[in-house]
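Here is the structure we will look at.
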Amino acid sequence: MTLLLRRGSELRLLVWVAAIALTGFVAVAAAETTAFDRSQVLVPVLFVSMVVLLHAFLAARGLRGDQILLPMAACLTAIGLVLVQRLASSLLANQLSWTVIAAGAFIATILIPRDLTALARFKWSWALLGVALLVSPLLPVIGREINGARIWIGLGRVTFEPWEAVKIVMVVFFAAYLEEYREVIANTRRFGPLPIPPLPYLVPILAMWGFAMIVVIFEKDLGAAVLFLGIFLAMLYMATGESFYTLIGLALLLVGGFVVYHAFGHVQVRVDTWLRPFSEDMRFGAGYQIVQGLFALANGGLFGAGLGNGMPDRIPIVWSDFVFNAFAEETGFAGALALLALYLLFVYRGMLIALRAPTPFLQLLAAGLSFIVALQTLVIVGGNARLIPLTGVTLPFVAYGGSSLVTNWMLVGLLMRVSDLTARARGTE
Amino acid sequence: MEITFGVLLWSVRIAFLLLVYVFLFRSFASLQRSLASERTQARALGTLVVERSPAKTPRVGERLSLRATNAIGRDAGNDIAIPDEAASARHAVLEQRDEEWWIEDLGSTNGTLVNGVKIEKRERVRFGDEIAIGRVALRLER
Amino acid sequence: MTRSIGENIRSVTFVLALAFLISSIGVGYWTLVASDELGSDPFNPRLVSAIRDRPRGTIVDSAGGVLAESVKATDGYKRVYKDRTLSQVVGYASFKYGTAGVEAAYAESLVGQDPADPVATWRARYLNERESPGAVVLAIDPKVQKAAADALGGRRGAIIALDPRTGAILASVSFPNYDASLIADPTTEDTAWDQVSKNVDKPLIDRARLGVYAPGSTFKLVTGATALEVGVNPDTKVRVDDPWQADPSWGSYFVRSSSKAHGDYTMADGYRLSENIYFAKIGLQIGGAKLAEYAQRFGIGSAPKCDIAAAKGQLSNTGSLDRPTLIADTSYGQGELLVSPLQMALVAAAIGRGGVMPTPHYATEVRDAAGNTIRTVAPGAAGQVIRPDTAAKFTTYLVGAVEGPGAFAFGARINGVHVAGKTGTAENPAGPPHGWFVGFAPAEAPTVAVAVIVENSGQGGLDAAPLGGRVMQTALGK
């Protein structure tokens, strides 16, 4: 019994997650058929049991440190399952299977490697792995092109998006590399207020990043390009504190964006759709998705139309691209704000873990991982609310998508391990 | 208004929204609590973790924050009270000097053990070492 | 000296928190601020979703006759429209093509979410109750509507009749029209829409409130009323010689009289014989600024505050009358003027009502499912445009324009009632001129004001006047 009391806060929070999962499923199920479908209660029960088992595993292992990340990830995943049930119930079994796989990946991340700092030693292996993963969708046999983007690999009927994993690999590589060379990069000769960048030391990461960019542009994945650029700039800044590089990076982004806009048709479409979705020629064509998405938001009001009461099915591919709007339509601004707050709290906790980590590598690792979640959320919500063009990244944990779910749970596992190491080093709980 | 199915359904929906907010606030509160306790724990110069305890107090797994000088014994007035029969009223003193921890036996009846070996008078204790007072075992940690 | 990683992480976190705040504001904008605007967008499927799953409210005319209702079809409900002549007023409600007309303007009321009944709105919105929502009652009088439709016949144009005392619109016809039931029926919607939207004669447009044309001589109502209001003496004889220009700087521009007149004209003569040169001179006497000011007061160049959207039109391309040639041209109804029949009917109504401009509205009340009135649509007057004594004096000229010797608008006469009115023949660069008639009856205390436009008619105003007369006659019950 003392086993479970070791991570008492976590267990207490999981009770609330269970309540959320249950009420969510009940609301959606009851709204669809006015009669109650008992088999649908199985899903939240199954999910909650799985999460409790994860908690027991952590307690048995004696993992110390953070106790709110697991409940938050579970809460977000639960909301995701409720929404998949609501928006595309035929995909629920699929998403549930991926959730189980994600739980397995989480356990694996907790168990291996035994020494987290060993990750830093293999940075070039990580770079190589990243490159391999990035290129894999372009390969003949296993590469798949879906919806005009060549970003998938498939084995039989199972498809996977390797770029999701590349994000994490990239962060590990950057963290390891920057730990070693941050002093050199930061303490360069200066030309007045501006630093003279030590190019030889910047080359490996620039190359890695540049390669990622090119591949992603060839695979027509605008969202991944934005994310990689953001992660690169953020980690460079966090390691060196040199805002000059960030400004250059942003300038390059604008220039690159300009070039890409004129060179690539699909980019042009996205930007035009963002600028004038309600115009006559866009409304029923390229702009249909965002227009319907905005209608959904408008229908939300303050408290939403009610779970199961909106019309999110008018938005094309709502279960992966526009889950946020569907959630906001049915739970209103109040619900959307709560969801954004959850993500912010998650990122905040991740950054706190980063601040307290004992070595620079671990600090950069945790910060980079948290940044991934933050940037991804901001980019998709920004696109959904027409603050920026749509890019095709999806909402972490909540949107339908197996690869995203698995990699995000691995991300959580890594963060919790960093927190554990910090706690052991400090002698705290 | 009669309690129609519609009204019930609407209540479930509102409950969902409320639950999400409750969870959000409780998570934040839990975070604040753990940060606060982290701070107080980190201020301790060291910690003794109870490894073995035949009685209800001290609890196994309990963490005791250490000061620079800590009197250990059965007497309640000690900094670290060990209400074990086999412990003397004033059993030992655990103190930190120049970044090093030292344990001194105060002439106890059954003696003080470090890593299973009975000490003479004073012994240096390192992090990870196990100190036995009576039937209670304590491990020194950072 | 490098900054610590910790400090950098803090900066990044701060920026991220800021970005989250901005995102929340963005989301808040769409969910809270733009909510109404998008919610009533005619292409928002939510607004029209009630059509399929549950019956939509009925639209009835003033006598209770059903104009639009939901009937049960094989897969849910479909909308059926009974009076083709009201197709542009009642509009349509289509899942695919959105809503128009009353169906759009009163969309919320028709799905049981009228803001005046918050309990019902809450029940309809959150409890998904499938009761039959109530009805929207229009002011349209079926007898007057039929008279207007018969009068216009198969000619392109519009007739609109309203009650000057309340602004309620009694009849509105716009030809060509279309069968809205075909658009609302999912099995025929695509072909019907294709046909209707590609028709060069544009049957979808309600010419009565959205069609804009040069008013021709009907604009002399504004010129003359303004002249009286600012103190011009109507009995002063003004010399008219066709053609006329104020000075040689006008170049090749002359004001031409429709009857090649030469003589001295009073205002009464000017109206009776619709003399352009008289009004051009009067207009210059009033001055561009004053004329523009009163035109604006009469609603020219701004959209009337109607419950269904109406056209704005314009006084001139720039909104002001700065050149003498423009002032002259505008005074007798050409220039760069663009007005809708609704706007002209309102001008007539204001004059007839002692200078008080009514606010037009198509609906009179909204009812709930049980038949109780939830709210009445009765916007008050829009304001006093000219003084009552001016209006009364001016009315006599308009009566003269119908009943006087040689009056152009003789076709509008009604036995036993004094009719005030004015014809207009608007030059049209694209073809034969348009024929206008505006008027009200009985002249002393009007209960109906009418505006008629017949596009590309052969005889101009002479064609339009009898149509106006017939409509007013029916409205008066004669």
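Residue numbers (the numbering used here), protein chains in the order written: chain R, 1 to 429; chain U, 1001 to 1142; chain H, 2001 to 2478.
Don't be surprised by glycine CBs; every beta carbon is placed ideally from N, CA and C.
Computed from a prediction, not measured in an experiment: that's the story for all the values here.
Contacts that residue i makes with chain A (C-beta to C-beta distance below 9 Å)
| i | result |
| --- | --- |
| residue 331 of chain R | This model lacks chain A altogether; the protein chains it does include are R, U and H. |
Reduced DSSP secondary structure (H/G/I, E/B, other) of residue i
| i | result |
| --- | --- |
| residue 2362 of chain H | coil |
| residue 2440 of chain H | strand |
| residue 1091 of chain U | coil |
| residue 35 of chain R | Reliability fails at residue 35 of chain R, whose pLDDT of 48 lies under 50, so the model's placement of it is uncertain and the value that follows must be treated cautiously. Looking at residue 35 of chain R - three-state DSSP - the assignment turns out to be coil, as it is neither helix nor strand. |
| residue 1118 of chain U | strand |
| residue 237 of chain R | helix |
| residue 13 of chain R | helix |
| residue 291 of chain R | helix |
| residue 30 of chain R | helix |
| residue 2293 of chain H | helix |
| residue 278 of chain R | coil |
| residue 2357 of chain H | strand |
| residue 2263 of chain H | strand |
| residue 2456 of chain H | coil |
| residue 2139 of chain H | coil |
| residue 161 of chain R | coil |
| residue 7 of chain R | coil |
| residue 2094 of chain H | strand |
Under 8 Å by beta carbon: chain R residues contacting residue i
| i | result |
| --- | --- |
| residue 2031 of chain H | 297, 298, 300, 301, 302, 328, 332, 333, 336 |
| residue 1010 of chain U | 306 |
CB contact flag (residue i, residue j, <8 Å)
| i | j | result |
| --- | --- | --- |
| residue 2302 of chain H | residue 2312 of chain H | yes |
| residue 2332 of chain H | residue 2279 of chain H | yes |
| residue 1963 of chain H | residue 2364 of chain H | Only positions 2001 to 2478 of chain H appear in this structure, which leaves residue 1963 of chain H out of reach. |
| residue 380 of chain R | residue 324 of chain R | yes |
| residue 2437 of chain H | residue 2416 of chain H | no |
| residue 2462 of chain H | residue 2411 of chain H | yes |
| residue 2305 of chain H | residue 2359 of chain H | yes |
| residue 369 of chain R | residue 405 of chain R | no |
| residue 31 of chain R | residue 40 of chain R | no |
| residue 2232 of chain H | residue 2265 of chain H | no |
| residue 2139 of chain H | residue 2294 of chain H | no |
| residue 2242 of chain H | residue 2260 of chain H | yes |
Contact list for residue i against chain H, beta-carbon separation under 8 Å
| i | result |
| --- | --- |
| residue 371 of chain R | 2012, 2016 |
| residue 42 of chain R | What residue 42 of chain R touches in chain H: nothing, since even the nearest Cβ is about 26 Å away. |
Listed by chain order, chain R residues near residue i by CB distance under 7 Å
| i | result |
| --- | --- |
| residue 2005 of chain H | 238, 239, 360, 363, 364 |
| residue 2028 of chain H | 333 |
Contacts of residue i in chain U (Cβ-Cβ under 7 Å)
| i | result |
| --- | --- |
| residue 72 of chain R | 1027 |
| residue 67 of chain R | 1030, 1034 |
| residue 23 of chain R | 1012, 1015, 1016, 1019 |
| residue 349 of chain R | 1031 |
Listed by chain order, chain R residues near residue i by CB distance under 9 Å
| i | result |
| --- | --- |
| residue 2152 of chain H | In chain order: nothing, as chain R lies at least about 31 Å away. |
| residue 2138 of chain H | Within chain R, no residue comes near residue 2138 of chain H; the closest Cβ sits about 28 Å away, beyond 9 Å. |
| residue 2197 of chain H | The contacting residues do not exist; residue 2197 of chain H stays about 12 Å from chain R at best. |
Chain-ordered neighbours of residue i on chain U, where CB pairs are closer than 9 Å
| i | result |
| --- | --- |
| residue 223 of chain R | What residue 223 of chain R touches in chain U: nothing, since even the nearest Cβ is about 27 Å away. |
Closer than 8 Å at the beta carbon, the chain U residues around residue i
| i | result |
| --- | --- |
| residue 20 of chain R | 1016, 1019, 1020, 1023 |
| residue 16 of chain R | 1019, 1022, 1023, 1026 |
| residue 341 of chain R | 1024 |
- What are the complete beta strand (DSSP E) segments, minimum 3 residues, inside the segment 2223-2257 of chain H? Correct list: 2238-2241.
- Message: Please give the ranges of any alpha helix (DSSP H) in the segment 2367-2438 of chain H, keeping only runs that are unbroken, at least 4 residues long and fully inside the region.
- Response: 2388-2403, all fully within the segment 2367-2438 of chain H.
- Check whether the segment 93-108 of chain R touches the segment 49-56 of chain R, taking contact to mean three or more Cβ pairs, one atom from each stretch, closer than 8 Å. Verdict: yes, contact present.
- Between the segment 361-368 of chain R and the segment 225-242 of chain R, are three or more C-beta pairs nearer than 8 Å? Yes, since at least three Cβ pairs between the segment 361-368 of chain R and the segment 225-242 of chain R fall closer than 8 Å, the two stretches touch.
- Message: Report the start-end ranges of each beta strand (DSSP E) in the segment 2152-2195 of chain H that is 3 residues or longer and not cut off at the edges.
- Response: List check, beta strand (DSSP E) in window: 2157-2162, 2169-2175.
- Stretch-stretch touch, CB-based, cutoff 8 Å, three pairs: the segment 2070-2090 of chain H with the segment 2202-2215 of chain H: The answer is yes - the segment 2202-2215 of chain H touches the segment 2070-2090 of chain H, with three or more Cβ pairs under 8 Å.
- Message: If contact is defined by three or more beta carbon pairs under 8 Å, each pair taking one atom from either stretch, is the segment 2335-2349 of chain H in contact with the segment 2111-2121 of chain H?
- Response: Cβ pair count under 8 Å is below three, so no.
- Message: Using 8 Å as the cut-off, can you tell me whether the segment 1109-1129 of chain U makes contact with the segment 1030-1041 of chain U, which would need three or more C-beta pairs spanning the two stretches below that distance?
- Response: Touching, no, given that fewer than three Cβ pairs across the two stretches are closer than 8 Å.
- Message: Using 8 Å as the cut-off, can you tell me whether the segment 292-312 of chain R makes contact with the segment 320-340 of chain R, which would need three or more C-beta pairs spanning the two stretches below that distance?
- Response: As far as the Cβ criterion goes, the segment 292-312 of chain R touches the segment 320-340 of chain R, which means the pair count is three or higher.
- Task: Ignoring anything shorter than 4 residues or poking outside the segment 316-346 of chain R, list the alpha helix (DSSP H) runs there in chain order.
- Result: Correct list: 318-321.
- Task: Examine the Cβ distances between the segment 2389-2398 of chain H and the segment 2156-2176 of chain H and report whether three or more of them are shorter than 8 Å.
- Result: The segment 2389-2398 of chain H vs the segment 2156-2176 of chain H: no contact.
- Message: Closer than 8 Å is the cut-off here; do at least three beta carbon pairs connect the segment 398-412 of chain R with the segment 156-166 of chain R?
- Response: Enough Cβ pairs lie closer than 8 Å, so yes.
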